[in-house]
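K.L.:
Chains as they are written, first to last, in this note's numbering: chain A, 54 to 292; chain B, 4 to 174. First the structure, then my questions, so here it is.
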Amino acid sequence: MTLITDKIQQLETPIDVMFLMHKVFLTQSEKASELAKNAIETNDLKEFKSVLDNWLKLLLYHYQTEDEFMTGPLKEKEYHDGRLGLRDNVAEHDEIRSKGDIVLNDYQKTLNPKNMTVQEILEMDDLEHLKVMDKISAVQNSIVEAFGAEKLKARSLRGLYQSVLDLKVVEFDHFENEEAFVLTLVREQMTYEQQLQLTEKLLFDSTDQNENWIVDFLFSVLDDDESRLLEELISEIKG
Amino acid sequence: MKSALEYLGKSLTNSLSYSSEVLFEVGETKSMSSFELEMTSWAMAFYVFSEIELSLPILTKDDLDEDFLLKVSEFNNEQLMEVTQSVFDTVNEEVSQGVLIPRVRGHILRTVSLLNLKLQNHLDFVEKFRASPESENSIQDYFKNESEEFKEWMIRFLEEEDQKDLMNQLD
Ligand SMILES: [Fe+2]
Ligand SMILES: [Fe+2]
């Protein structure tokens with residue numbers, strides 16, 4: 054698994070572009086979680102929101118393309134620990150999509166924390182067990198009043214940071230699994246030419262007015278040596 | 004004069020941040036057992052915090068009656084204990100032979116962070132809905148029945164400036 058601090062030295066097959074891409078995505082999640090953490094002190098989420106939007110846009114495009122053009126055409130393989138390479142990969146994509154929705158939802162809460170429900174404010178997920186159900190709506194105003202705007206805001210920001218962290222963790226685990234279990238299948242089952250076609254889909258978004266938005270972003274993050282690897286691959290794809 | 008809860012609340016928060024820092028150093032200057040040691044101290048200190056908190060009267064406000072607030076408080080304390088346990092569970096289940104791989108580091112950090120979130124939220128609750136311990140239960144009272152050993156451990160757990168402060172009070 055490639056860490057943010059690791060340097061990628063070469064791409065042996067076209068699908069190794071995944072290492073470059075995953076690394077760039079991880080830098081975004083790192084940045085987003087740092088900004089969400091700082092916001093607990095500063096209250097400032099402006100930069101966070103633009104990093105978050107960018108990060109989610111990259112992930113959503115990436116997963117949709119993988120589901121369709123990578124795991125879609127491959128043949129399933131059951132690993133010795135019972136893991137099904139393709140099925141689990143698709144399930145992880147779904148999990149990350151729903152974690153992404155939770156982050157967006159938690160971001161909305163920070164904009165108007167007074168609108169949080171008592172349940173959200175007090176984090177009592179198991180209300181049934183507490184036998185306080187009938188109280189909940191009655192105490193809404195008192196709870197909001199008692200904590201005050203400032204504490205509620207801090208509460209919502211802490212919640213946001215935690216959901217970003219959750220997303221970051223499942224994303225990291227997913228990249229590691231995909232690199233270990235799915236890329237192996239790609240190398241086994243796809244020819245060099247097929248890999249180049251898949252790589253083209255991953256790097257260029259033909260549905261967008263600017264089909265280069267993904268590569269432009271990759272270049273903005275990668276260092277010179279890694280950019281050169283990407284340039285070489287692109288000229289092979291386009292050549 | 005500061006109350007035992009205030010001393011502990013602040014130190015509990017700082018201790019969790021420190022534990023996260025230790026986790027980043029595991030494999031370099033720190034070992035996995037130093038993290039576990041930090042967390043064990045944390046769990047002990049939280050237990051003390053929880054005991055003191057649950058012994059204090061509830062401050063009711065508007066529609067928020069004692070029964071409701073008591074349930075919230077107990078629930079928060081249970082949750083905090085559970086998340087503390089899940090930090091240890093993650094360590095036991097996922098760390099093998101003291102080697103911390105990046106994936107597992109992420110899992111532990113996420114749980115420590117969740118613990119921190121629940122603690123901070125609960126500290127807000129305590130501040131709003133528990134009677135000030137000074138009037139009911141001063142720190143001297145609390146320590147009256149405790150052993151010297153326990154007092155020393157408690158003082159060591161606190162931040163440096165609080166240590167001096169507390170020692171003066173206990174003298
Ligand atoms: Fe991928
Ligand atoms: Fe993926």
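By construction, the Cβ of each residue, glycine as well, lies at the ideal position given by its N, Cα and C atoms.
Nearest-angstrom Cα distance between A:LEU112 and A:ASP59?
P.N.:
21 Å
K.L.:
If you measure beta-carbon to beta-carbon, which residues of the segment 18 to 37 of chain B are closer than 7 Å to chain A?
P.N.:
Answer set for the segment 18 to 37 of chain B: empty.
K.L.:
When the Cα atoms are used, what is the spatial distance from A:GLU94 to A:LEU271?
P.N.:
31 Å
K.L.:
Give the secondary structure of A:ARG136 by DSSP, where H, G and I count as helix, E and B as strand, and everything else as coil.
P.N.:
coil
K.L.:
I want to check one thing, is the minimum distance from the CB of A:ASN142 to the heavy atoms of ligand 2 below 7 Å?
P.N.:
yes
K.L.:
Against B:ASP92, what residues of chain A qualify as contacts under a CB-to-CB distance less than 9 Å, listed in chain order?
P.N.:
Result: empty, since nearest Cβ-Cβ is about 16 Å, beyond 9 Å.
K.L.:
Out of A:ALA89, A:VAL235 and A:GLU148, state which residue places its alpha-carbon closest to the alpha-carbon of A:THR124.
P.N.:
Here the closest residue by C-alpha is A:VAL235.
K.L.:
Check A:GLU131 in the structure and name its three-state DSSP category.
P.N.:
strand
K.L.:
Below 8 Å between beta carbons: does that hold for B:LEU8 and A:ALA199?
P.N.:
no
K.L.:
Put B:ILE61 into one of helix, strand or coil per three-state DSSP.
P.N.:
strand
K.L.:
Residues of chain A with CB under 7 Å from B:GLN123, in chain order?
P.N.:
ARG211
K.L.:
Residues of chain A with a CB under 7 Å from the CB of B:LYS64: which are they?
P.N.:
B:LYS64 reaches chain A at SER195 and ALA199, counting residues in chain order whose Cβ is nearer than 7 Å.
K.L.:
Kindly list, in the order they appear in chain B, the residues whose Cβ is closer than 7 Å to that of A:LEU56.
P.N.:
PRO105
K.L.:
For A:ASP134, go through chain B and note every residue whose CB falls closer than 8 Å to its CB, in chain order.
P.N.:
Within chain B, no residue comes near A:ASP134; the closest Cβ sits about 15 Å away, beyond 8 Å.
K.L.:
Would you call the CB atoms of A:LEU220 and A:LYS152 closer than 8 Å?
P.N.:
Yes, the Cβ-Cβ distance between A:LEU220 and A:LYS152 is below 8 Å.
K.L.:
Kindly examine ligand 2 and report whether one of its heavy atoms sits closer than 7 Å to the Cβ of A:GLU121.
P.N.:
no
K.L.:
Would you say B:SER116 faces chain A, with C-beta separation under 8 Å as the test?
P.N.:
yes
K.L.:
For A:GLU289, which of A:LEU64, A:MET54, A:VAL171 and A:LYS128 has the nearest alpha-carbon?
P.N.:
A:LEU64
K.L.:
Between A:LYS204 and B:ASP127, what straight-line distance do the alpha-carbon atoms span, to the nearest angstrom?
P.N.:
8 Å
K.L.:
Helix, strand or coil for B:VAL102 per DSSP?
P.N.:
strand
K.L.:
Could you give the C-beta distance for A:ASP154 and A:GLY212, rounded to a whole number, given that I count them as a contact under 8 Å?
P.N.:
Not a contact, Cβ separation roughly 14 Å.
K.L.:
Going along the chain, which residues of the segment 132 to 157 of chain A sit with their C-beta nearer than 7 Å to a C-beta in chain B?
P.N.:
With the criterion set as a beta carbon lying under 7 Å from some beta carbon of chain B, the segment 132 to 157 of chain A has no members that meet it.
K.L.:
Closer than 8 Å by C-beta to A:ALA207: which residues in its own chain qualify, once you throw out the five before and the five after it? Chain order, please.
P.N.:
ILE93
K.L.:
Cβ of A:MET243 versus every heavy atom of ligand 1: is any distance shorter than 7 Å?
P.N.:
Ligand 1 has no heavy atom closer than 7 Å to the beta-carbon of A:MET243.
K.L.:
Looking only at its own chain, which residues have a Cβ that is under 6 Å from the Cβ of A:ASN230, when we skip the five neighbours before and after it?
P.N.:
none
K.L.:
For the segment 43 to 54 of chain B, enumerate the residues whose C-beta is nearer than 8 Å to any C-beta of chain A, in chain order.
P.N.:
none
K.L.:
Express the C-alpha separation of B:THR63 and B:LEU72 in angstroms, rounding to a whole number.
P.N.:
8 Å
K.L.:
Does the structure place the segment 119 to 135 of chain A close enough to the segment 143 to 152 of chain A that three or more beta carbon pairs sit under 8 Å?
P.N.:
yes
K.L.:
Taking buried to mean at least 16 other C-beta atoms within 10 Å of its own C-beta, is B:GLU109 buried or exposed?
P.N.:
The sequence shown places Gly at residue 109 of chain B, rather than the Glu named in the question. It counts as buried.
K.L.:
List, in order along the chain, the chain B residues whose C-beta lies closer than 9 Å to that of A:ALA191?
P.N.:
ASP66
K.L.:
Does the CB of A:ARG240 have a neighbour CB from chain B at under 8 Å?
P.N.:
Chain B, which has no Cβ nearer than 8 Å to the Cβ of A:ARG240, makes this no.
K.L.:
Got a sec? Which residues, its chain only, sit under 7 Å from B:GLU139 by beta carbon, not counting five neighbours each side?
P.N.:
With a pLDDT of only 49 at B:GLU139, under 50, the local geometry of the prediction cannot be trusted, and the value read off the model is given with reservation. Answer for B:GLU139: LEU59 and PRO60, listed in chain order.
K.L.:
Please determine whether the Cβ atom of A:GLU231 lies at a distance below 7 Å from any heavy atom of ligand 2.
P.N.:
yes
K.L.:
I'd like to know whether the C-beta of B:LEU73 is nearer than 8 Å to at least one C-beta of chain A.
P.N.:
Contact with chain A is absent for B:LEU73, since none of that chain's Cβ atoms lies less than 8 Å from the residue's Cβ.
K.L.:
Whose Cβ in chain A lies nearer than 9 Å to the Cβ of B:LEU15?
P.N.:
Near B:LEU15 there are no residues of chain A at all, since even the closest Cβ is about 15 Å away, more than 9 Å.
K.L.:
Cα-Cα, which of B:GLU31, B:ALA48, B:SER34 and B:THR114 is closest to B:SER18?
P.N.:
B:ALA48
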